[in-house]
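S.K.: Shown below is the structure under consideration.
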Amino acid sequence: MLGESLRKRAKTACRPCRERKRKCEGGIPCSACRHFEYNCVVDRRPRSSSVSRRTLDRGVRSSVSSPPSETDQPQHIHDQRNAPVRTEQTQLRSLEANSGAVFARNLGLTADSTRLKRLQLSAWNLGLRDEGTPADVVPRPIVETISLSEMEALATVYFKEIHAVYGFLDENSVRRLIATRWYDNATMQSYDCVDSVLCGIAALGCVFSKQPLSLEMQLAKSAQTALAQSVLLPTPSTDDVVAWLLRVMYLRLTASPHITWMATCTMMHVLEAARLHFDEGDEPLPSSNGGEGGRESRRRIYLVAQLFNIWISFDCGRSRVELRGASCQLPSPDPGGIKPELLELYLVSEILSPDKYQTVPELENLLRRALDVKSAQPMLVLVQCNVMLCIYRRLRVQGSSPNTETLERMLSALSKAVDAARVLLRTERPWWHVANVTFQAACALLAIDTSLSLAQLIQPLKALEDVSAHYKTSATREAYDAARVLVGVHRKRKELDIARLDGVLQECQSHNIPDSNDNDIDTTGNGDQWYHHPAMPASLGTNRMGLGELEWEQFFNLDLP
Numbered sequence: 001m002l003g004e005s006l007r008k009r010a011k012t013a014c015r016p017c018r019e020r021k022r023k024c025e026g027g028i029p030c031s032a033c034r035h036f037e038y039n040c041v042v043d044r045r046p047r048s049s050s051v052s053r054r055t056l057d058r059g060v061r062s063s064v065s066s067p068p069s070e071t072d073q074p075q076h077i078h079d080q081r082n083a084p085v086r087t088e089q090t091q092l093r094s095l096e097a098n099s100g101a102v103f104a105r106n107l108g109l110t111a112d113s114t115r116l117k118r119l120q121l122s123a124w125n126l127g128l129r130d131e132g133t134p135a136d137v138v139p140r141p142i143v144e145t146i147s148l149s150e151m152e153a154l155a156t157v158y159f160k161e162i163h164a165v166y167g168f169l170d171e172n173s174v175r176r177l178i179a180t181r182w183y184d185n186a187t188m189q190s191y192d193c194v195d196s197v198l199c200g201i202a203a204l205g206c207v208f209s210k211q212p213l214s215l216e217m218q219l220a221k222s223a224q225t226a227l228a229q230s231v232l233l234p235t236p237s238t239d240d241v242v243a244w245l246l247r248v249m250y251l252r253l254t255a256s257p258h259i260t261w262m263a264t265c266t267m268m269h270v271l272e273a274a275r276l277h278f279d280e281g282d283e284p285l286p287s288s289n290g291g292e293g294g295r296e297s298r299r300r301i302y303l304v305a306q307l308f309n310i311w312i313s314f315d316c317g318r319s320r321v322e323l324r325g326a327s328c329q330l331p332s333p334d335p336g337g338i339k340p341e342l343l344e345l346y347l348v349s350e351i352l353s354p355d356k357y358q359t360v361p362e363l364e365n366l367l368r369r370a371l372d373v374k375s376a377q378p379m380l381v382l383v384q385c386n387v388m389l390c391i392y393r394r395l396r397v398q399g400s401s402p403n404t405e406t407l408e409r410m411l412s413a414l415s416k417a418v419d420a421a422r423v424l425l426r427t428e429r430p431w432w433h434v435a436n437v438t439f440q441a442a443c444a445l446l447a448i449d450t451s452l453s454l455a456q457l458i459q460p461l462k463a464l465e466d467v468s469a470h471y472k473t474s475a476t477r478e479a480y481d482a483a484r485v486l487v488g489v490h491r492k493r494k495e496l497d498i499a500r501l502d503g504v505l506q507e508c509q510s511h512n513i514p515d516s517n518d519n520d521i522d523t524t525g526n527g528d529q530w531y532h533h534p535a536m537p538a539s540l541g542t543n544r545m546g547l548g549e550l551e552w553e554q555f556f557n558l559d560l561p
């Protein structure tokens with residue numbers, strides 16, 4: 001019986017439960033803190049010897065498998081592997097802290113509303129498409145679906161909108177591939193990696209150019225059918241990886257979190273089978289679209305694939321696919337390809353893996369790095385804000401918050417992100433972060449809970465209202481309604497706090513009967529001396545009820561006998 005009861009107790013109890021000697025089941029927040037509305041904070045504790053033994057065992061097993069030497073690994077990969085190992089409980093908390101959906105749920109835990117049960121789906125994307133493909137859509141070769149001029153027009157849209165953010169393809173190579181596909185279509189198979197790449201580009205072009213939905217569905221179905229064959233290949237090509245990456249982007253715009261996350265995992269396994277995570281040695285099969293399969297092109301593809309797997313796993317609160325022995329170096333920053341700001345955000349995001357521990361100073365440094373990123377591209381501004389909010393959530397899990405200067409920079413970045421979302425809304429570019437980051441900005445402002453943050457709260461709420469009115473989808477309406485519910489929950493908590501303070505004042509009403517033994521109290525009617533002490537500075541104010549004028553730091557640091 002004793003063993004069974006002990007197993008119900010968490011390995012690491014939160015601070016309020018430890019102080020009150022209560023059982024803690026280990027949730028964030030735990031049931032006790034949720035019930036009594038305590039601030040549920042878990043202090044980092046020293047690792048046990050069992051963790052050290054597990055670390056040693058892992059080292060022995062890894063030495064048997066003979067991985068590449070440390071000198072062969074990129075510096076950013078080497079730094080990750082030297083990070084401390086974390087306990088399973090702490091890893092789970094970090095995994096959930098990376099998720100904006102879990103963060104929103106925790107904000108509304110005390111809400112008496114069934115609408116909050118679906119917060120895990122709120123603002124994932126704009127909800128532009130229904131789940132699934134109509135049954136009557138039959139896959140066809142791309143040359144039988146659209147004309148050459150239509151394909152070139154859709155490719156132009158792709159390179160204007162998507163490539164401007166995630167520049168992993170070479171435009172000249174893609175243009176040559178299009179011409180070859182239409183003029184030499186007799187030599188091509190009905191469904192192959194070339195068709196899946198071109199269908200993926202065309203489908204994304206349809207989303208950003210208001211093409212007929214039937215055409216978009218046809219292209220998406222054709223790409224999906226071709227990709228189904230790529231997972232059966234023992235050695236897929238670089239084009240197969242590119243096709244999967246395009247598919248992931250399309251799903252991030254149109255599908256559910258689970259479907260998108262599953263696609264990113266498949267993409268990473270296809271990438272591993274294609275050996276794209278190695279920089280030297282076994283070369284992957286040549287590419288038709290990336291500059292003759294050059295090393296720099298493969299590095300760009302690998303980086304963007306990693307980005308989507310990392311960010312989508314963070315958003316869903318699930319595990320990412322980490323490839324063992326990866327030696328692929330970072331691509332060179334290029335304004336026409338991988339932009340420097342995207343590269344910096346990748347480096348910051350990679351460090352935030354839940355199984356790598358970061359101290360509060362390290363997280364604060366990462367937060368400053370994210371805030372230092374400057375970009376004129378609206379979507380990259382939203383990406384930067386999303387990374388910044390992830391770091392902020394990790395700080396909150398460790399019971400910390402940014403200093404005043406960093407907090408002011410955060411509020412400024414949130415304001416810029418909402419402005420960027422409005423730009424994308426006005427220009428009708430349906431990026432997923434138009435709703436996602438705007439909703440998360442509202443959640444962060446509620447969590448910061450200062451007069452400045454609450455004054456700024458109207459900005460993301462009005463933006464969500466405009467997004468909902470423009471797109472008129474169930475997803476955008478749900479995001480706006482969920483944000484309003486969270487504001488209502490926050491208001492209810494504030495009202496309860498005010499009621500408690502009113503109760504204190506009512507129970508401790510002022511009495512005009514002086515104590516005859518207390519000569520320090522002024523009975524002449526001058527109430528200013530009622531709480532005067534010789535050590536109290538004049539700057540603290542003398543208005544009995546004017547507590548807002550007090551300089552509290554001086555007050556609590558008085559040298560009283």
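Those letters in the sequence shown? Residues 1 to 561, per UniProt numbering, in order. Using N, Cα and C, we set each Cβ at its ideal position, and we do this for glycine too. On a predicted model such as this, the values are computed, not experimentally measured, just so you know.
1) Verify whether the separation of the beta carbon atoms of glutamate 413 and methionine 388 is less than 7 Å.
2) Quick one: give me the first and last residue of the alpha helix (DSSP H) that residue 578 is part of.
3) Does the separation of the CB atoms of serine 173 and cysteine 199 fall below 7 Å?
4) One question on the structure: do residue 636 and cysteine 316 come within less than 7 Å of each other, judged by their Cβ atoms?
5) Rounded to the nearest angstrom, what separates leucine 219 and arginine 422 at their Cα positions?
6) Thinking C-alpha only, which one of Leu363, Gln306, Val41 is nearest leucine 343?
7) Judging by CA-CA distance, which residue of Ala442, Val467, Ala104 is the nearest neighbour of glutamine 456?
8) With a Cβ-Cβ cutoff of 7 Å, do leucine 464 and alanine 447 count as a contact?
9) Assuming arginine 181 is part of the alpha helix (DSSP H), what are its boundary residues?
10) Does the separation of the CB atoms of proline 333 and leucine 303 fall below 7 Å?
11) Do you know offhand how far lysine 462's Cα is from leucine 177's?
12) What do you get for serine 147, buried or exposed, if any count of 16 or more other CB atoms within 10 angstroms of its CB means buried?
13) Given this structure, state the Cα-to-Cα distance separating glycine 127 from glutamate 350, to the nearest angstrom.
14) Taking Cβ positions, are valine 241 and alanine 274 nearer each other than 7 Å?
15) Identify every run of the beta strand (DSSP E) within the stretch 183-236, keeping only runs that are complete inside it and at least 3 residues long; order them along the chain.
16) Taking the alpha-carbon positions, what's the isoleucine 201 to alanine 155 distance?
17) Below 7 Å between beta carbons: does that hold for glycine 167 and isoleucine 338?
18) Taking the alpha carbon of valine 138 as the point to measure from, which residue in Leu107, Glu171, Ala226, Gln398 has its own alpha carbon closest?
19) Give the secondary structure of tyrosine 471 by DSSP, where H, G and I count as helix, E and B as strand, and everything else as coil.
20) Could you have a look at valine 138 and say whether DSSP puts it in helix, strand or coil?
21) Taking all protein chains shown into account, decide if alanine 179 is buried (16 or more other Cβ within 10 angstroms of its Cβ) or exposed.
22) Only counting the same chain, and skipping five residues up and downstream in sequence, which positions put a Cβ closer than 6 Å to that of serine 375?
23) If you run the structure through DSSP and keep just helix, strand and coil, what is valine 432?
24) Would you decide whether glutamine 75 is buried or exposed? Buried here means 16 or more other CB atoms lie within 10 Å of its CB.
25) Can you say whether asparagine 98 is buried or exposed, counting buried as having 16 or more other CB atoms within 10 angstroms of its CB?
26) As a quick exercise: from Trp432, Arg500, Lys494, His490, pick the residue whose alpha carbon is nearest that of valine 467.
27) Could you tell me which whole alpha helix (DSSP H) segments of length 4 or greater appear in the stretch 441-502?
28) Near serine 401, what residues of its chain come up, given a Cβ to Cβ distance below 7 Å and the 5 sequence neighbours on each side ignored?
29) Are the CB atoms of threonine 264 and phenylalanine 308 nearer to each other than 7 Å?
M.R.: Working from what's here:
1) Per the sequence shown, the amino acid found at residue 413 is alanine instead of glutamate. In this structure, methionine 388 lies closer than 7 Å to alanine 413 by Cβ.
2) With the chain running from 1 to 561 in the structure shown, residue 578 is simply not present.
3) no
4) In the structure displayed, the chain extends from 1 to 561; residue 636 sits before or after that span and is not available.
5) 29 Å
6) Gln306
7) Ala442
8) no
9) 171-183
10) no
11) 45 Å
12) exposed
13) 28 Å
14) yes
15) none
16) 6 Å
17) yes
18) Ala226
19) helix
20) coil
21) exposed
22) Glu341, Val381
23) The question names valine, but residue 432 in the sequence shown is tryptophan. The answer is coil: DSSP assigns tryptophan 432 none of H, G, I, E or B.
24) Caution applies to glutamine 75, whose pLDDT of 47 falls short of 50 and renders its modelled position unreliable; the value that the coordinates give is listed next. That one is exposed.
25) buried
26) Trp432
27) 451-456, 458-471
28) Leu395
29) yes
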